[in-house]
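Q: Take this structure, written in structure tokens, and hold onto it; I'll ask about it next.
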Amino acid sequence: MESGGAYNENIENIRELEFPALKDVTYADHVGATLVARRHLEAFHKDLLGNIYGNPHSRSPSSHLTTDSVDQIRYRILKYFKTNPEIYSVIFTSGCTGALKLLAESFDFHGDDGCHGDEKKNKVNKDGTILSSANVDDLSSLNENKKTDRGCFCYLLDNHTSVQGMRELAFQRAGLVVCIDEKEIDLCPQSEHIVYKSSNIASGGNSLFAYAAESNFSGRKYPLKWVDKVQRGNLGFQEAYPGAWYTVLDAASFVSNSHLNLSEVTPDFVTLSFYKMFGFPTGLGALLVRNKSADLLKKVYFGGGTVKVSIANQRFHQFRDSLHDRFEDGTISFLDIISLRYGFDILETLGGGIQRISQHTFVIAQYFHHQLQSLHHGNKAPVAMIYSDTGFDDITTQGPIINFNILRADGQFVGFVEVDKMAQLYNIHLRTGCFCNIGACQKFLDLSIEEVKANFEAGHVCGDDKDLVNGRPTGSVRISFGYMSNLTDAQICLQFIVDCFLESKDQKPVYYKFNLENKSLGKVKNVKEKEMCHFTARDNLSSEKCLSFDQNVCCEKSQNRENNQSTLVSDSNKIYVDSVDSIPENSKEKHGQDDPREISNENCNIFKLETVEKEILIDVDRECNRIDASHFEEFSYEEQLLKMCSVENRYLTNIFLYPVKSCGAFSVNEWQLTDRGLLYDREWMIVSENGVALSQKREPKLCLLQPRIDLSDQILVLSYPGMPDCIVPLQFDDPGEDDTMFGLCTSKVCGDRVKSLECGQEVSDWLSEALQRGQCRLVRQKSDDTRATKLKDSTNDTSVAQFQLSLANESQYLLISRPSVKSLQQKIEERQKEEQNFVNSDEVPDVDNLIHRFRANLVIGGGSPFDEDKWERLQIGNNFFISQGECGRCQIICLDQMTGERSKEPFKTLAYWRGKKVPFGIHLRNADTAPSTSESAKTIRIGQPIIPF
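Just so we're aligned, residue 1 is where the sequence shown starts under the UniProt record's numbering, counting upward by one.
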């Protein structure tokens, strides 16, 4: 790629050191938030350790240090934008949105002849100091019965939601609110452009034009020369609205990759967010106010530090003289402000200065754009629809943002949710949706006002996963680059699109060669598939409507056990033989303390399996060496059960519960049902030191953590390769507020607030060591937690069924069928053969592997593939369930639950084959009424028939 020296090759040298979190991750959402450099944080940390910064409203030495440091930062900001305190003032806000809100609340639309005449205007020095300030009693409200001069609030269609929000305040104070597109900037607005018009309005007043220097949707850089033209009244749309015009420039996206020179262009107001420039701190922005325009800001509310005097029992106060003192209510985020110094340093030392950053990011984005534009399916149809007003050939009109939607070979859109899920599989972080810019979405996606409203009526809201309505997109995909991005980031994104969406029998272009093996698991001691024990419950298996193990085999093995010749282990209903004689005397010395087989005899269990005629007690000694069970597969209970399944006859073949959310499965033969689902299913979860729930998306090692329930001893047992077991009691009373044994805490699951209990420091330490990460905690859902399902039943009832829910994501139960799994496996083989003319069996998971990847509670055999999708109700034994629709899948299904390794399948095939929501399996809930209240109606067992209706 010819870059003419624009590409900053130094980034390649410092990226690993300064941005270590980027290892194995492609971050492509820099316009949303760029990344913070190690050097930035280290310098700020050193500063905090070496200085004491006090509240700036105090008079102590530490307070003076804070005030002086913050003032220096104000100067540094103005210097960076090529201006000075005589021309501009800096008001710190919570971000760009906070700055726009402040401006909307205080901008005076009335003008000289309105309610605030010349005698009431603030007199402002060149340095931003206000010479006189009006008493609040002088700010009389507008008399609606009298025609007054009230100006216009005009904003560009392509604007952030925060600018749209300004219009709601303008409705109360401006005479007109107008929305125009770029092509209409020099035209007289028509009636369709008028969002609001007051009935009591005289011409004149102060008007405000708001636009973004760079679109956060498409990266279009709008002309900065508009600022001067608007101030002079030289743009066509201003002809219908006489009076004084002012501009607010939303520069949040622009300044992250381009230089704003305020000595050349002088907007009246500029809004910023600093985390978009250098990643830290978040929640801090600024409103830059041109001192000549400061008198337009009329403040009403006052907070701590903003007034010179006030009287508590009389309406009297006087604001402070300095503009920033007047508008910065309360104590500012002074430590965050001080950290800005190091952010500006980083842009120079690492980024090479803003001009170099602008060139570097543009050349990467241009490469991605041109390559994406060149991609075509085998039938010559384009792979992507790119949303842009430019040809991506001019750095002055285009920023490093590419917005697009993926198209199939037949021209149908691929939903952005599907693209996002596939991107996560490749560890690509991008942005989808409308990006808080509905105006640009309307423009580029050609959505009419009626269509936006219709989509809302159909259930689509901002931020949801309804990416297609009637086949048309409700949003798009956005990729953006920052100063620490490199060419490889663009190549990985391109290869991801080629791998997942380009349909062609010809050789596909290669931008990057992936190795999707999971490198993040770290070193796990002695992890072998046969050493990962899956234990069944102690509950006896009833013979009612169930198949059985062969009695003679069980009796024979039981007699051998009594002679101390062998031990039977029940593992997912399969028989394993552990030869005691095969274990050397020096086994402990050989394997060491880290061997997962080094378990005390105190952990031996008695499992109870029941045949049709006779109950057999089987002693399980976990210190024994497990050997392969292939010699005994003919006696597999599961195999016998599967032979009974057919298109006409369906049976429950597996029951899985997941006591700890996102951890390994616990396979049982029979289990109790509760109001929340299976007893103890997803009743616990692991949270980080910040209280955020861990899942396999961020911590793949969770799949190696094996929980099991011991009903006899009333304990939860946690196992992990190379670690001794950890025991957690099942039974305890919920603690009171003053109980110190358990910590009460509030966690979140899928946006729901969940009341939970911490399970103690001992298990916390065990989890932290096992997962090799900072202080993890095990929390348990409280018995009185009221979390409920939000899914709708598959029946004609459109209301949401409010039924109790555990820590499961969406429903009480998840059901999959073996015929559907087998059909998917065959489809993976077919697609692989189509793409590479052969089938690599190593890349096609077997049926059992796929079943575990889908993490279902109930697995059924028999019937036809995907019959379950059409079910509304079903009966298992004496229990009735109601379907709540298909389960949309995420990239978790690409994680091998036995090894923790990632692959592209089955998600890739499932997304291509099954559609936008990537559905597989169905959600179930308990039927609100059951035909029986007997004990048998409260349990389910494998082997019970499945009756859908």
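Glycine included, every Cβ here is placed at the ideal spot set by N, Cα and C.
Using only CA atoms, which one of S256, R290, C776 lies nearest to Q231?
A: The candidate whose alpha carbon is nearest that of Q231 is R290.
Q: What does a CB cutoff of less than 7 Å around F171 pick up in its chain, not counting 5 residues either side in sequence?
A: Within the same chain, F171 has close Cβ partners V177, Y196.
Q: Opposite K729 in the DSSP bridges: which residues?
A: First, the amino acid is wrong: residue 729 is Pro here, not Lys. P729 pairs with I715.
Q: Which stretch, first to last residue, makes up the alpha helix (DSSP H) that contains E168?
A: Taken as a continuous stretch (DSSP letters only), the alpha helix (DSSP H) holding E168 covers 161–173.
Q: Is it the case that the Cβ atoms of G439 and N159 are separated by a distance below 7 Å?
A: For G439 and N159, yes; Cβs fall inside 7 Å.
Q: Can you tell me which of A294, R315, K292, V248 puts its alpha carbon nearest to the alpha carbon of Y301?
A: Residue R315 is the option with its Cα nearest to Y301.
Q: Nearest to P721 by alpha carbon, out of L767, N261, F153?
A: Among L767, N261, F153, the Cα nearest to that of P721 belongs to L767.
Q: Assess contact between the segment 231–248 and the segment 482–495, defined as three or more Cβ pairs (one per stretch) separated by less than 8 Å. Is contact present?
A: Output reads no: the segment 482–495 does not touch the segment 231–248.
Q: Taking the runs of the alpha helix (DSSP H) that are 4 residues or longer, which of them lie wholly in the segment 345–429?
A: List check, alpha helix (DSSP H) in window: 354–374, 416–425.
Q: Please say whether G921 and A856 have beta carbons closer to each other than 7 Å?
A: In this structure, G921 lies closer than 7 Å to A856 by Cβ.
Q: Under 7 Å Cβ to Cβ from E105, same chain only, skipping five residues before and after it: list those, please.
A: So the qualifying residues of the chain are L169.
Q: In the DSSP assignment, find the unbroken beta strand (DSSP E) run with F666 in it and report its ends.
A: From DSSP, the beta strand (DSSP E) with F666 extends over 666–668.
Q: In three-state terms, what does DSSP make of N10?
A: If DSSP states are grouped into helix, strand and coil, N10 belongs with the helices.
Q: Which one of K183, E18, E192, I332 has the shortest CA to CA distance from S63?
A: Minimum Cα distance to S63 is reached at I332.
Q: What's the C-alpha gap between V248 and S504?
A: About 49 Å.
Q: Closest to V452 by C-alpha separation, out of T349, S69, T474, D867, would be which residue?
A: The candidate whose alpha carbon is nearest that of V452 is T474.
Q: Buried or exposed: where does C645 fall if 16 or more other Cβ atoms within 10 Å of its Cβ makes it buried?
A: So C645 ends up on the buried side.
Q: What does the Cβ neighbour count give for N403, buried or exposed, with the cut at 16 atoms within 10 Å?
A: N403 comes out buried.
Q: Assign K276 to one of two classes, buried (16 or more other C-beta atoms within 10 Å of its C-beta) or exposed (fewer than that).
A: Per the 10 Å Cβ criterion, buried.
Q: Pull up the distance between the alpha-carbon of residue 950 and that of R787, whole angstroms please.
A: Because the chain spans 1 through 949 in this model, residue 950 falls outside it and cannot be assessed.
Q: Buried or exposed: P20, going by 16 or more other Cβ atoms within 10 Å of its Cβ?
A: Under this definition P20 is an exposed residue.
Q: Could you compute how far the alpha carbon of N849 sits from the alpha carbon of S662?
A: Whole-angstrom Cα-Cα distance: 17 Å.
Q: In this structure, how does DSSP classify N879 when only helix, strand and coil are distinguished?
A: Here N879 sits in strand by DSSP.
Q: Please find out if some non-hydrogen atom of the ligand NAD comes closer than 6 Å to the beta-carbon of A409.
A: This structure lacks the ligand NAD, and indeed carries no ligand of any kind.
Q: At the level of alpha carbons, what is the spacing between residue 977 and A384?
A: Past the boundaries of the shown model lies residue 977; the chain is included only from 1 to 949, so the question cannot be answered.
Q: Kindly say whether T909, judged by its beta-carbon, lies nearer than 7 Å to any beta-carbon of chain E.
A: Included in the structure is just one protein chain, with no chain E present.
Q: Which residues in the same chain have their Cβ closer than 7 Å to the Cβ of C890, if we skip the five residues on either side of it in sequence?
A: Correct list, in chain order: K421.
Q: Express the C-alpha separation of E810 and S820 in angstroms, rounding to a whole number.
A: Approximately 21 Å, taken between the alpha carbons.
Q: Hey, E683 and Q781: beta-carbon distance below 7 Å or not?
A: Yes, they are a contact pair.
Q: Could you tell me the boundaries of the alpha helix (DSSP H) in which H852 lies?
A: Note, H852: alpha helix (DSSP H), 847–853.
Q: Can you tell me whether N313 is buried or exposed, with buried defined as 16 or more other CB within 10 angstroms of its CB?
A: The residue is exposed, with fewer than 16 neighbouring Cβ atoms inside 10 Å.
Q: For I428, tell me which candidate among Y7, E843, L22 has the shortest Cα-Cα distance.
A: The residue with the shortest Cα to Cα distance from I428 is L22.
Q: Quick one: give me the first and last residue of the alpha helix (DSSP H) that W226 is part of.
A: Counting along the chain, the alpha helix (DSSP H) containing W226 begins and ends at 225–232.
Q: Is it the case that the Cβ atoms of S89 and H460 are separated by a distance below 7 Å?
A: No, the Cβ-Cβ distance between S89 and H460 is not below 7 Å.
Q: What residue from L874, H259, Q164, D869 has the CA that sits closest to G888's CA?
A: Among L874, H259, Q164, D869, the Cα nearest to that of G888 belongs to D869.
Q: State the Cα-Cα distance for the pair V498 and E16, rounded to the nearest angstrom.
A: Taking the straight line joining both Cα atoms gives about 27 Å.
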